[in-house]
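Trainee: A single structure is presented below for examination.
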Amino acid sequence: MYNEKIKALNSELLDVLVPVEPLDGCTEIILEISAGVGGQEAMLFARELFDMYCAYIVNKAWVMQIAEQVDYAMQVCLYQAVKFINI
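First residue of the sequence shown? That's 1 in full-length UniProt numbering, and the numbers climb one at a time after it.
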């Protein structure tokens, strides 16, 4: 009896805290990563962020296409990258 009530309240609380948005069904994403100010350190961080997102996308078995990628210093640093992702 109490378990059912707890599950119902939990579901209701989740609906209140995380309302449904009109774009929740979106399946296409454009992701842009830019190094910004900071020189080589910023480009190293951008590369790590880019690699992290690539690994996450592969793990989720989503389809990605790199639209643009500007590397610096023999592909160790990343200046800018744009990806199209289909969920």
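Heads up, the beta-carbon is just placed ideally off N, CA and C, and yes, glycines get one too. Values in this document were obtained by computation on a predicted structure and should not be read as measured data.
Within 8 Å, do at least three Cβ pairs link the stretch 24-41 to the stretch 64-82?
Mentor: The stretch 64-82 is in contact with the stretch 24-41.
Trainee: Counting only the same chain and skipping the five closest in sequence on each side, list residues whose C-beta sits under 6 Å from that of Tyr72.
Mentor: Locating residue 72 in the sequence shown gives position 72, counting from the first residue. Only Met43, Tyr79 meet the Cβ criterion.
Trainee: Output needed for Ile57: all residues of its chain with C-beta closer than 7 Å, excluding positions within five of it in sequence on either side, in chain order.
Mentor: Translated into positions along the sequence shown, residue 57 becomes position 57. So the qualifying residues of the chain are Met64, Ile85.
Trainee: Mapping DSSP to helix, strand and coil, what is Leu31?
Mentor: The count along the sequence shown starts at 1 and reaches residue 31 at position 31. In the structure shown, Leu31 sits in a strand (DSSP, three-state: E or B).
Trainee: Of the choices Tyr2, Met74, Asn3, whose alpha-carbon is the least far from that of Gln40?
Mentor: Here residue 40 is taken as the residue at index 40 of the sequence shown, counted from 1. When each option's Cα is compared against that of Gln40, the closest is Met74.
Trainee: Starting from the C-beta of Trp62, find all residues in its chain whose C-beta is less than 7 Å away, skip the five residues before and the five after it, and write them out in chain order.
Mentor: In the sequence shown, counting from the first residue as 1, residue 62 sits at position 62. Excluding positions up to five away in sequence, the list reads Ile85, Asn86, Ile87.
Trainee: What span of residues does the beta strand (DSSP E) with Cys77 cover, start to end?
Mentor: By one-based count along the sequence shown, residue 77 stands at place 77. Its beta strand (DSSP E) spans residues 77-86.
Trainee: DSSP puts Met64 in a beta bridge; with which residues?
Mentor: Translated into the one-based positions of the sequence shown, residue 64 becomes position 64. Bridge partners of Met64: Ile85.
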